[in-house]
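Throughout the sequence shown, residue numbering follows this note's numbering, covering 1 to 396 in sequence.
Even for Gly, the Cβ is constructed at its ideal location relative to N, Cα and C.
Treat the numbers as computed from the prediction; the structure is a model and nothing was measured.
Only one structure is covered here, and it is reproduced in the block below.
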Amino acid sequence: MAGSGALGQAATPKARAPDWSGWRGPNGTGVTADSNWSPAKLNGKAEVVWRANVGDGYSAISVSGKNVFTMGNRDGNDVVCCLSGGSGEEVWTHSYPCAPGSYPGPRATPVIDDGRVYAFSREGQLFCLEVDTGKVVWQKHCARDLKAGAPQWGFASSPVIAGELVLVNAGDHGAAFNRKTGSVVWASDGGIGNYSSAVLFSPGDKNQVAFFGKTDIQAMDLATGKKLWSFPWQTSYDVMAADPIVSGNRMFISSGYKKGGVMLDFAKGSPQEVWTAPNMGTQFSSCVLFEKHLYGIDGNAGSGALRCLDFDSGKEKWSQNVGFGSLIIADGKLIVLNEAGRLFVAEASPTGYKELAHCEALPAKGAKCWTSPVLCKGRLFLRNSKGDVVSIDVSK
Numbered sequence: 001m002a003g004s005g006a007l008g009q010a011a012t013p014k015a016r017a018p019d020w021s022g023w024r025g026p027n028g029t030g031v032t033a034d035s036n037w038s039p040a041k042l043n044g045k046a047e048v049v050w051r052a053n054v055g056d057g058y059s060a061i062s063v064s065g066k067n068v069f070t071m072g073n074r075d076g077n078d079v080v081c082c083l084s085g086g087s088g089e090e091v092w093t094h095s096y097p098c099a100p101g102s103y104p105g106p107r108a109t110p111v112i113d114d115g116r117v118y119a120f121s122r123e124g125q126l127f128c129l130e131v132d133t134g135k136v137v138w139q140k141h142c143a144r145d146l147k148a149g150a151p152q153w154g155f156a157s158s159p160v161i162a163g164e165l166v167l168v169n170a171g172d173h174g175a176a177f178n179r180k181t182g183s184v185v186w187a188s189d190g191g192i193g194n195y196s197s198a199v200l201f202s203p204g205d206k207n208q209v210a211f212f213g214k215t216d217i218q219a220m221d222l223a224t225g226k227k228l229w230s231f232p233w234q235t236s237y238d239v240m241a242a243d244p245i246v247s248g249n250r251m252f253i254s255s256g257y258k259k260g261g262v263m264l265d266f267a268k269g270s271p272q273e274v275w276t277a278p279n280m281g282t283q284f285s286s287c288v289l290f291e292k293h294l295y296g297i298d299g300n301a302g303s304g305a306l307r308c309l310d311f312d313s314g315k316e317k318w319s320q321n322v323g324f325g326s327l328i329i330a331d332g333k334l335i336v337l338n339e340a341g342r343l344f345v346a347e348a349s350p351t352g353y354k355e356l357a358h359c360e361a362l363p364a365k366g367a368k369c370w371t372s373p374v375l376c377k378g379r380l381f382l383r384n385s386k387g388d389v390v391s392i393d394v395s396k
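In structure tokens, the structure reads:
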């Protein structure tokens with residue numbers, strides 16, 4: 001985990017395309033090197049290989065080996081689903097009582113690591129399951145065991161693996177558990193956190209983790225949970241749902257509700273403002289950093305614009321009206337899914353918006369496509385709020 005810059009936030013992806021085993025992909029960046037796909041397969045009509053329904057929710061897809069994993073809510077029970085990547089058939093499920101709540105269903109995405117699946121519910125239950133069977137290895141209840149208060153719309157952070165730790169945004173500055181035993185390594189003293197996930201980074205080879213609290217962004221020592229610095233940040237409804245973006249000694253944070261974004265420099269310890277971006281207010285769709293440029297959806301649900309900003313200066317390079325949605329970058333190309341289920345593919349370039357393909361990939365039919373797309377090994381996986389999942393063949 002050593003190395004300067006962002007651990008899990010590096011702009012340059014790995015040369016090979018690994019599994020998409022958790023939230024935001026192989027490096028936690030929303031960027032993959034996977035080149036075994038063709039935008040032409042998404043021009044006009046998508047080739048759907050299989051469809052499945054996993055129940056209400058917003059959990060994204062994780063891919064490990066031959067199977068895919070996600071979460072949903074069916075009849076008042078959360079369900080962690082393992083599906084065949086080839087056919088979409090259920091391999092196993094693990095269910096537990098959990099009220100669906102407002103905007104029903106789980107928000108977090110499972111992460112797969114070393115034969116285990118880690119899943120986090122909107123009520124604060126953290127599960128470690130066997131990847132082959134779904135059998136419970138251990139479980140914790142953050143609200144009950146740690147006295148962590150839930151944000152207004154429930155716990156939402158996806159578990160993040162860091163060495164022997166599994167991290168979740170629970171309590172005012174997060175919590176870390178031993179990934180093998182579930183024992184608490186460090187935790188907040190109660191309080192309320194926020195919706196975004198933990199972001200790992202290593203300035204000067206010092207392993208750290210950033211969490212949004214209720215009213216600030218905080219950096220902690222990864223091993224001990226000691227708070228190193230914080231920066232005040234508050235929005236309407238206390239919603240900080242988009243992950244921070246880190247590169248070197250800089251961190252970009254952004255929120256919706258007309259809050260916008262700010263670039264921080266923490267080279268000297270306490271963070272200092274470098275520039276602000278009122279035109280990049282990401283409500284709960286995280287930006288993606290690629291070749292020193294930020295790409296993100298500015299706006300709240302119901303309306304949004306895709307924008308490209310220079311990471312160093314904050315200068316806007318271009319914008320395109322695609323509607324509210326989410327995005328990833330694969331092999332240097334933007335893949336954007338808007339909330340109506342329309343898919344756009346464009347070059348990830350600061351020179352302008354150059355569209356390569358578009359199609360109606362997952363017509364919403366009363367649902368919302370607020371979940372990030374996933375590209376892995378020639379398949380594109382999409383999901384809507386009613387739990388409809390599609391696997392689309394995009395292989396060359």
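query, result
"Give me, in chain order, the residues of the same chain whose beta-carbon lies closer than 7 Å to that of Ala267; leave out the 5 immediate sequence neighbours on both sides.", "Asn249"
"Based on DSSP bridge pairs, tell me the residues matched to Trp186.", "Ala176"
"Quick one: what does DSSP say Lys315 is sitting in, helix, strand or coil?", "coil"
"Kindly give me the distance between the Cβ atoms of Phe69 and Val137, rounded to whole angstroms, as I take these residues to be in contact under 8 Å.", "Between Val137 and Phe69 the Cβ distance is about 15 Å, and since that is not below 8 Å, they are no contact."
"Classify Asn338: buried if its beta carbon has 16 or more other beta carbons within 10 angstroms, exposed otherwise.", "buried"
"Suppose the cutoff is 6 Å on Cβ atoms and the five residues either side in sequence are ignored; what does the same chain contact list for Trp23 look like?", "Thr109, Ser158, Ser197"
"Can you give the beta carbon distance from Pro271 to Trp229, rounded, assuming they're within the 8 Å contact cut?", "6 Å"
"Phe155 and Gly190: beta carbons closer than 8 Å?", "no"
"Classify Cys376 as helix, strand or coil using the three-state DSSP reduction.", "strand"
"Are the Cβ atoms of Val374 and Trp20 separated by less than 8 Å?", "yes"
"Measure from the C-beta of Leu362 to each C-beta in chain B and report whether the shortest distance is under 8 Å.", "The structure shown contains no chain B, having only a single protein chain."
"What whole-angstrom Cβ distance do Phe212 and Met240 have, given they're in contact under 8 Å?", "4 Å"
"I think Ser286 touches Gly30, with their Cβ atoms under 8 Å apart; what is that distance to the nearest whole Å?", "6 Å"
"Should the region 222-236 be regarded as contacting the region 287-307, the criterion being three or more beta carbon pairs within less than 8 Å?", "no"
"Among Asn279, Gln208, Ala162, Tyr195, whose alpha-carbon lies nearest the alpha-carbon of Asp113?", "Ala162"
"What residues match up with Asn67 in a beta bridge as DSSP calls it?", "Ser64, Ser84"
"Taking all protein chains shown into account, decide if Asn321 is buried (16 or more other Cβ within 10 angstroms of its Cβ) or exposed.", "exposed"
"Measuring CA to CA, which of Ser372, Glu164, Gly55 is closest to Asp75?", "Gly55"
"Mark Ala119 as exposed unless 16 or more other C-beta atoms lie within 10 angstroms of its C-beta, in which case mark it buried.", "buried"
"Rounded to whole angstroms, how far is the Cβ of Thr371 from the Cβ of Ser303, which I believe are closer than 8 Å?", "Actually they are not in contact, since the Cβ atoms of Thr371 and Ser303 sit about 18 Å apart, beyond 8 Å."
"If you run the structure through DSSP and keep just helix, strand and coil, what is Cys142?", "helix"
"Check whether the region 246-261 and the region 163-171 touch, using three or more Cβ-Cβ pairs below 8 Å as the test.", "no"
"At what residues does the beta strand (DSSP E) containing Leu200 begin and finish?", "199-201"
"Roughly how many whole angstroms lie between the Cα atoms of Ser254 and His173?", "18 Å"
"Given that a residue counts as buried once 16 or more other Cβ atoms are within 10 Å of its Cβ, and exposed if not, what is Thr282?", "buried"
"Whole angstroms are fine: how far does the CA of Gly387 sit from the CA of Ile329?", "23 Å"
"Assign Arg51 to one of two classes, buried (16 or more other C-beta atoms within 10 Å of its C-beta) or exposed (fewer than that).", "exposed"
"Would Gln152 be called buried (16 or more neighbouring beta carbons within 10 Å of its own) or exposed?", "exposed"
"Which value, in whole angstroms, describes the spacing of the CA atoms of Ala210 and Lys227?", "10 Å"
"Specify the secondary structure class of Leu42 as computed by DSSP and reduced to three states.", "helix"
"Which residues does DSSP list as the beta-bridge partners of Pro232?", "Asp216"
"Look up Tyr58 in the DSSP assignment and say whether it is helix, strand or coil.", "coil"
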